[in-house]
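Take the sequence shown: its letters are residues 1 to 293, numbered as in full-length UniProt numbering.
Glycine included, every Cβ here is placed at the ideal spot set by N, Cα and C.
Written below as structure tokens is the structure these notes are about.
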Amino acid sequence: MRPLRLLVAEGNPPAMRERHAATSGQTPSVFYADVLGGLAEGLGLETRIDLCFPADEGANLPAGEDLAGYDGVAITGSGLNLWKAERESLAQVEFARAVFDSGLPFFGSCWGLQVAAVAAGGEVKLNPQGREIGVARSIRLTDAGRGHELHRGRLEVFDAPAIHSDEVATLPSEGATVTATNELCAVQAAEIRYGNGVFWGVQFHPEYTFTELGGILTRYTPIMMQEGFFRDTEEAAKYVADLVALDADPDRKDLAWRLGVAPSVLDPIVRRTELVNWLNLQVKPAASARGRA
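Below, the structure written as structure tokens:
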């Protein structure tokens with residue numbers, strides 16, 4: 001069996017991803033690729049993963065490559081906002097349409113879900129209920145989601161790492177199925193069928209570790225103080241330190257209790273259920289059907 005070839009599209013332009021790496025140690029696309037590679041290895045799958053940067057001026061696929069050479073495409077999160085209609089955002093919408101046209105298995109976290117929804121005719125807006133950050137609570141599978149392979153193995157109600165201020169406000173008029181929701185965000189997960197392709201996506205971040213989340217919250221601390229999540233920098237630093245410590249020792253019952261982190265969120269495989277299912281139930285069968293696995 002030849003290695004599965006995956007393409008991870010970075011959702012951020014250069015300045016944003018460099019700022020992210022300064023606090024988290026890696027750009028989102030490098031981190032995402034590492035997570036996918038580890039999950040694939042756990043499934044007994046060998047992978048080759050490339051990165052691309054559709055937000056960059058003049059950026060294309062890796063030299064000598066085209067979408068037809070890949071077995072699946074994933075889009076990371078981003079600090080951009082689609083409702084601002086900036087060039088960096090619109091370029092990614094066009095990239096998503098090209099992925100849909102290719103018919104490749106397609107996945108996205110947070111920004112990735114939003115980009116795919118807009119590419120298929122939906123709309124993204126600033127969430128009037130405010131930012132969902134840290135851990136998204138009480139995400140509930142819809143009737144369609146309970147039987148959907150995207151969430152195979154999930155509890156009917158679960159929590160997940162998250163950070164977003166925008167939401168999919170209007171779904172594409174055809175081919176969109178909401179598979180998970182919660183009180184703060186109506187579209188927590190969805191399948192979108194458009195053109196030749198099928199997209200699975202989530203508004204939360206199944207890929208995140210608590211250390212990665214802590215790095216992001218460190219960067220967002222001034223905004224979170226303005227929005228009332230933290231009273232001061234000391235409180236923020238303590239919260240982040242607890243997240244990182246829990247990542248290092250998931251058996252710390254005191255930290256899990258204080259942070260309100262459920263056992264299912266502590267288990268990295270359970271936390272990444274949707275990514276595992278995409279690799280195992282979308283990418284692998286599609287590659288096999290094309291005689292490339």
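query	result
Stretch pair the stretch 175-182 + the stretch 73-81: three plus CB contacts closer than 8 angstroms	no
Local conformation of H205 per DSSP, three classes	coil
Contact set for A248: own chain, Cβ-Cβ below 7 angstroms, skip 5 residues either direction	none
Euclidean distance between Cα positions of residue 303 and R193	The question about residue 303 has no answer here: the residues shown for the chain are numbered 1 through 293.
Sufficient close CB pairs (3 or more, under 8 angstroms) joining the stretch 131-149 to the stretch 182-198	yes
First and last residue of the uninterrupted alpha helix (DSSP H) at F158	Where F158 is concerned, there is no enclosing alpha helix (DSSP H), although the beta strand (DSSP E) it sits in stretches over V157 to H164.
Residues near R252 by beta carbon distance below 6 angstroms, same chain, minus five either side	L246
DSSP state of L6 mapped onto helix, strand, coil	strand
Inter-residue CB distance, G11 and Q92 (contact presumed, cutoff 8 angstroms)	7 angstroms
Residue closest to P13, alpha-carbon to alpha-carbon, out of S109, A289 and G77	G77
Reduced DSSP category for S138 - H, G, I as helix; E, B as strand; rest coil	strand
Contact the stretch 259-275 vs the stretch 194-213: 3+ CB pairs below 8 angstroms	yes
Every unbroken beta strand (DSSP E) inside the stretch 192-274 [3 residues or more]	197-202
First through last residue of the beta strand (DSSP E) which encompasses A84	Going by the sequence as given, residue 84 is Lys instead of Ala. Per DSSP, K84 belongs to no beta strand (DSSP E) and is neither H nor E.
Proximity to E212 [Cα-Cα], best of T233, E227 and L243	L243
Opposing strand residues paired with F107 [DSSP bridges]	A74 and W200
Inter-residue spacing [alpha-carbon to alpha-carbon] between F107 and I75	6 angstroms
C-alpha gap between L96 and A286, whole angstroms	The question names Leu, but residue 96 in the sequence shown is Ala. About 19 angstroms.
Rounded separation between D159 and V135 - CA only	7 angstroms
Assumed close pair L150, D71 - CB separation to whole angstroms, cut-off 8 angstroms	In fact, because the Cβ distance is near 18 angstroms, the residues do not count as touching under 8 angstroms.
Enclosing alpha helix (DSSP H) for E18 [first to last residue]	P14 to S24
Residues bridged to R48 [DSSP beta-bridge criterion]	R5
Of the listed residues V115, F210 and S109, nearest to V265 (C-alpha basis)	F210
Cβ-based neighbour list, V240, same chain, cut-off 7 angstroms, excluding 5 preceding and 5 following	G214, L217 and T218
L43 to D232 span [Cα, whole Å]	43 angstroms
Below-8 angstroms beta-carbon distance, N60 vs any chain C residue	Reference to chain C is not applicable here, since this structure consists of a single protein chain.
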